[in-house]
Structure formats: C-alpha cells, structure tokens
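Encoded as structure tokens, the structure appears first; notes follow it.
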Amino acid sequence: YNIGDIHVFYLPVYQTAAVLAGVAVAGWGSSSHTRSAIAGLVLLALAVSAVVRAPAARESALASIPHAPEGLWQSAFAVAPQDAIVLSNDRNEIVPMWYHQYAESQRPDLLGLFPLISTEPEYSHIGALATDALQTGRPVCLVKEMPGLEVGFQPAPSAPPLQCLAGLWTAPEPQREQRLADDVLLLGYDAPAEPLTAGETFLVSLYWQAVAPLAAPYSTYVHVLDGDGAPVWTGSDHRPGGDYLPAPLWLPGQVIRDEHVLTVPADAAPGEYRLLVGMYEYPSLMGHGDAIVLGSVEVAPAGR
134 YNIGDIHVFY LPVYQTAAVL AGVAVAGWGS SSHTRSAIAG LVLLALAVSA
184 VVRAPAARES ALASIPHAPE GLWQSAFAVA PQDAIVLSND RNEIVPMWYH
234 QYAESQRPDL LGLFPLISTE PEYSHIGALA TDALQTGRPV CLVKEMPGLE
284 VGFQPAPSAP PLQCLAGLWT APEPQREQRL ADDVLLLGYD APAEPLTAGE
334 TFLVSLYWQA VAPLAAPYST YVHVLDGDGA PVWTGSDHRP GGDYLPAPLW
384 LPGQVIRDEH VLTVPADAAP GEYRLLVGMY EYPSLMGHGD AIVLGSVEVA
434 PAGR
C-alpha cells in the first residue's frame, strides 16, 4: 500500500502498547496491594473513559465522511459498460465502489483502480494508469470529468457521471515530423484547408510526442504571421494537459493532441497567413526549443 496516510492501520499497535503500558504501571514500584489497587483503578478509569467517549468519536468520524461518492456510484453503476475498468485519481472515490461490490454484491464485473495503489510505473499517475488499462481490451472509464486528459486519450460514447475512453491518439496522416527540442517532436497538425472568412473561429490541432521526459509543464502556442513574418491577430496560448496530464507526465512515445481555437478578426485583410507554433515555460516565458513555422491559412475577401 503506497499511500502516505496509513496511520489507521497502526491502531492495533497503539492498543497493544497501551495494554503493555498498563501492565508496566501495575508492576511499578512496590508490589503492595495499595499500589496495585491504584494502578488498577487508573486503568479502569481509562477504559471507562474510552468506552464513554467512543460513541461520540464514532459519530464525529462518520459526520466527517463525505457522502457524495454514495450517490456517485449508484449513478455510475447504472451506466457503466460491462466489465469496465473504472479509474479515479482519488482513492476516496474508489473505496466506496469496493464496498458496494464486496459487501452488497453490486456490479462485481467492474474493476476500480486509482494511482499509487502500487509502486509499479503504470500506477504512478492517472495518465499512465489509463494507458495501461486500455491495453487490456476492456472498456475504460473515468469516474468523473478530468479536464486535460483529453490531450492523451480519444473519448468514447458515455453517460454521466462516467467519461469513457476509446483509446490513445495516433499521429496524423500525412505525418510531417519536426523536432522542436531534444525531448519533444511535432508529428503534424490539422488546420483548415478551405478559405476562412472575417470573424470566423477555427481549430488548429497540434500532435506532440515526447521522446524523453519533459522537465516542466510547458505551455504551447499558435501565433499567426503575415507575409512579412510579423505577428498579427490574437493567438492561442495554453498549457496542454491541465493538472491531470501536464507535459512532465507525457509518456515517451505517446501522441498528444493539443487543440487551439483562434478567431479571424473582423477587419482581417484577405490573403495567406502562416502559423507559428512552439513551447515555453510559464511564468518565466523562456522558450523551449525552436519555434516552428507551419503551413498557411487563407482569409477570403469579404463577400466571397
């Protein structure tokens, strides 16, 4: 068990130590009946105190337990695919599932897992765990939405509260591999092939691949350049993967699909514009590797 807060498992040890301490107190000093009686009374008082306080302590402990997972699992059991592996980043969400399975025989076909339940690398974080679970061929679902994981995994049809995964992303075709830095490649991108119009919103998807562990949770950007190479418009900057799958957690060889949404300004001049992409560390704004100029997007004349 690789979780830090395991003090509850030591309660039997504490109880045994208390009994041994009581025996030691009972035998302390003189063996006279008086001292033995005093020691016995002390132990009896402690025992009575523990018994008296136990119900209040139990009620306090029960009151502190979050009951949201109870409703969560009743909803999840109703929509979970047969034999699914259900993942969470929080063991407090999975343990109630185990209770329902083993104590109430509900949905025994499901397997609930969370990171750090084992020391193996595939249990190191939720992204690694999901990658390993997908190799089993069983349906894989997240017990809740985890913003950022979508950069590493294709979504599958699912019903709330579950978010199911269809598989890993694959490199686009044709593949236009370019090296941004020693530890990361740009495998390719998707951008609009048809001319855009003023005011139109469009999507640029970048496909990254780590070739070695990345050192920082880098932000990525897509900026728009005019014919002279000068930046125009408002670009797109963000940190792909969010809190659940930031760059340091990208597995070497894994394809990361990084989506950027841009908008053509209402007063944009018609013509061709090039896309500049790269990475940097925030908040220092220090660039990571060399920026890459991609292909172009076209803005059509008004009224076309």
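Residues in the sequence shown are numbered consecutively from 134, following this note's numbering. Positions of the beta carbon are idealized from the N, C-alpha and C atoms, including for glycine.
(message) Here's the rule: buried if 16 or more other CB atoms are within 10 angstroms of the residue's CB, otherwise exposed. What is Q387?
(response) buried
(request) Tell whether a beta-carbon distance below 8 Å holds between Y322 and Y340. (result) yes
(message) By the DSSP assignment, the alpha helix (DSSP H) with Y235 in it spans what residues?
(response) 224–237
(request) Quick one: grab the DSSP three-state call for I259. (result) helix
(request) Check P288 in the structure and name its three-state DSSP category. (result) strand
(message) Residues in the same chain with beta-carbon distance under 8 Å from I227, minus the five sequence neighbours each way, listed in chain order, please.
(response) V219, S221, G245, L246, F247, V276
(message) According to DSSP, simplified to helix, strand and coil, what is G375?
(response) coil
(message) Which same chain residues end up closer than 7 Å to A299 when comparing Cβ atoms and leaving out the 5 residues on each side of it in sequence?
(response) Q287, P288, A289
(request) Could you tell me which residues DSSP pairs with G420 in its beta bridges? (result) Y413
(message) Which residue wins for smallest C-alpha separation from L320, given the options R390, L282, E253, P294?
(response) R390
(request) Can you tell me which of the three DSSP states T303 falls into? (result) coil
(request) Specify whether the region 392–412 and the region 330–348 touch according to this definition: at least 3 beta carbon pairs, one from each stretch, less than 8 Å apart. (result) yes
(request) Find the nearest neighbour of Q296 within the set G428, G281, E414, judged by alpha-carbon distance. (result) G281
(message) Threshold first: 3 residues or longer. Then list the beta strand (DSSP E) segments lying entirely within the region 334–361, N to C.
(response) 334–343, 352–358
(message) Looking at the strands, I want to know which residues DSSP matches up with I250.
(response) BP columns for I250 are empty, so no partner.
(request) Would you check if the distance between the CB atom of L422 and the CB atom of L347 is smaller than 8 Å? (result) According to the sequence provided, residue 422 is Gly. The question's Leu does not apply to it. No, Cβ-Cβ distance for G422 and L347 is not below 8 Å.
(message) Residues in the same chain with beta-carbon distance under 6 Å from Q234, minus the five sequence neighbours each way, listed in chain order, please.
(response) P241
(message) Considering just the uninterrupted stretch of the beta strand (DSSP E) at L382, what are its terminal residues?
(response) No beta strand (DSSP E) contains L382, which DSSP labels as neither H nor E.
(request) Might you give, ordered along the chain, the residues of its own chain that have their beta carbon closer than 6 Å to the beta carbon of V152, omitting 5 neighbours on each side? (result) none
(message) Quick check on the burial criterion: 16 or more other C-beta atoms within 10 angstroms. Buried or exposed for Y415?
(response) exposed
(request) Look at H371 and P364 and say whether their C-beta atoms are less than 8 Å apart. (result) no
(request) Have a look at D376 and E327 and give me their C-alpha separation to the nearest angstrom. (result) 34 Å
(request) Could you give the DSSP three-state label for Q215: helix, strand or coil? (result) coil
(message) DSSP three-state label for V152, please.
(response) helix
(message) Going by DSSP in three states, P403 sits in which element: helix, strand or coil?
(response) coil
(request) Indicate the three-state DSSP secondary structure (helix, strand or coil) for P145 in the structure shown. (result) helix
(message) I'd like to check one pair, A261 with P254: are the Cβ atoms closer than 8 Å?
(response) yes
(request) Report the rounded CA-to-CA distance for W231 versus W206, giving the unit in angstroms. (result) 10 Å
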